[in-house]
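My numbering puts the first residue of the sequence shown at 294, with every later residue one more than the last.
Note that CB positions come from ideal geometry on N, CA and C, so glycine has one too.
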Amino acid sequence: MWGLAAWATGLLFFLPVAWMVLTSFHSESDAATNPPSITAPLTLEGYREFFGTATGTSRWPALANSASAAIGSTMLVLVLAIPAAYVLSIKPVRRWSDAMFFFLSTKMLPAVAGLLPVYLVAKNTGLLDNLWLMAVLYTAMNLPIAVWMMRSFLAEIPVEILEAAAIDGAGLPTVLRRIVAPIAAPGIAATSLICFLFSWNEMLFARVLTGVRSITAPVFLTGFVTSQGLFLSQVCAAAFAVSLPVLAAGFAAQDKLVQGFSMGAVK
Numbered sequence: 294m295w296g297l298a299a300w301a302t303g304l305l306f307f308l309p310v311a312w313m314v315l316t317s318f319h320s321e322s323d324a325a326t327n328p329p330s331i332t333a334p335l336t337l338e339g340y341r342e343f344f345g346t347a348t349g350t351s352r353w354p355a356l357a358n359s360a361s362a363a364i365g366s367t368m369l370v371l372v373l374a375i376p377a378a379y380v381l382s383i384k385p386v387r388r389w390s391d392a393m394f395f396f397l398s399t400k401m402l403p404a405v406a407g408l409l410p411v412y413l414v415a416k417n418t419g420l421l422d423n424l425w426l427m428a429v430l431y432t433a434m435n436l437p438i439a440v441w442m443m444r445s446f447l448a449e450i451p452v453e454i455l456e457a458a459a460i461d462g463a464g465l466p467t468v469l470r471r472i473v474a475p476i477a478a479p480g481i482a483a484t485s486l487i488c489f490l491f492s493w494n495e496m497l498f499a500r501v502l503t504g505v506r507s508i509t510a511p512v513f514l515t516g517f518v519t520s521q522g523l524f525l526s527q528v529c530a531a532a533f534a535v536s537l538p539v540l541a542a543g544f545a546a547q548d549k550l551v552q553g554f555s556m557g558a559v560k
């Protein structure tokens with residue numbers, strides 16, 4: 294019974310996604326019917342409109358901007374979070390709990406509260422509509438979460454292995470690269486996917502701070518809501534296309550992801 298309940302709950306959450314994918318293969322007239330038609334003929338019209346084969350307008354710059362900002366910020370987060378988590382877990386500093394609370398306290402401020410100061414700084418420094426600014430902002434937003442996640446993963450590494458490496462003369466860079474990183478690979482994969490997901494889906498700062506050159510995919514999706522109406526088939530096709538990179542990353546790292554989320558759950 295519990296298994297059937299779990300399957301029913303999973304299908305309930307998956308149903309809107311499946312409906313979105315099905316609607317993306319319908320024409321605009323069939324997608325706008327009320328109630329929606331399941332047996333309507335399938336077509337690639339929505340995807341042709343999205344990828345610009347019918348209009349000649351390329352949608353790839355928005356996707357490329359999102360990918361660059363998300364991947365760049367995720368790599369920078371890992372470079373900063375892994376040494377910080379190492380210090381706070383394996384080599385604990387004094388009053389490490391206060392440092393952890395400081396990281397957590399940065400997430401207590403609503404993002405919209407910092408929007409105006411960030412906009413003024415970007416405007417005065419000439420960084421509006423700049424992809425590097427978005428990568429730095431995403432790094433700042435995801436770093437506290439990454440430090441907390443990585444600390445819980447690194448705390449599971451046996452100290453004896455690190456002590457043996459120190460006796461053999463391994464320095465901190467060697468320990469991080471050849472011992473900590475392989476053992477904590479599931480945790481690194483889980484942290485990377487979470488940071489990538491948050492960066493890819495972020496829209497508030499991207500909506501205000503980007504314009505034409507650095508527009509990201511979530512902001513681009515809002516362009517389908519026009520004064521002429523909502524192009525439902527195109528919106529569903531665009532949403533599915535924008536979701537594919539995250540789905541592909543999750544599918545590629547699913548074994549590491551599950552292992553990383555379950556680390557430390559069973560003693």
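Inter-residue CB distance, residue 438 and residue 487 (contact presumed, cutoff 8 Å): Here residue 438 really is in contact with residue 487; their C-beta atoms are around 7 Å apart, less than 8 Å.
Pairwise C-alpha distance: residue 331 and residue 512: 29 Å
Three-way DSSP call (helix, strand, coil) for residue 523 in this model: Residue 523 falls in the strand class under three-state DSSP.
Where residue 386 falls: helix, strand or coil (DSSP): It is coil, neither helix nor strand.
Residue 450 versus residue 316: straight-line alpha-carbon distance, rounded: 47 Å
Proximity winner among 307, 304 and 440, relative to residue 394 (alpha-carbon distances): Ranking the options by Cα distance to residue 394, first place goes to 440.
Close beta carbons around residue 319, own chain, < 6 Å, minus the five adjacent residues each side: 333 and 526
Alpha-carbon spacing of residue 561 relative to residue 506, whole angstroms: Coverage of the chain is limited to positions 294 through 560, which leaves residue 561 absent and any answer about it impossible.
Residue range of the unbroken alpha helix (DSSP H) whose run includes residue 400: It is not in any alpha helix (DSSP H) - residue 400 carries neither H nor E in the DSSP assignment.
Inter-residue spacing [alpha-carbon to alpha-carbon] between residue 466 and residue 515: Whole-angstrom Cα-Cα distance: 44 Å.
Where residue 518 sits in the DSSP three-state scheme: strand
Alpha helix (DSSP H) segment containing residue 324, residue limits: 321-324
Residue 424 burial status per 10 Å Cβ neighbour count (16 or more: buried): buried
Local conformation of residue 470 per DSSP, three classes: helix
Residue from 535, 492 and 380 with nearest C-alpha to residue 354: 535
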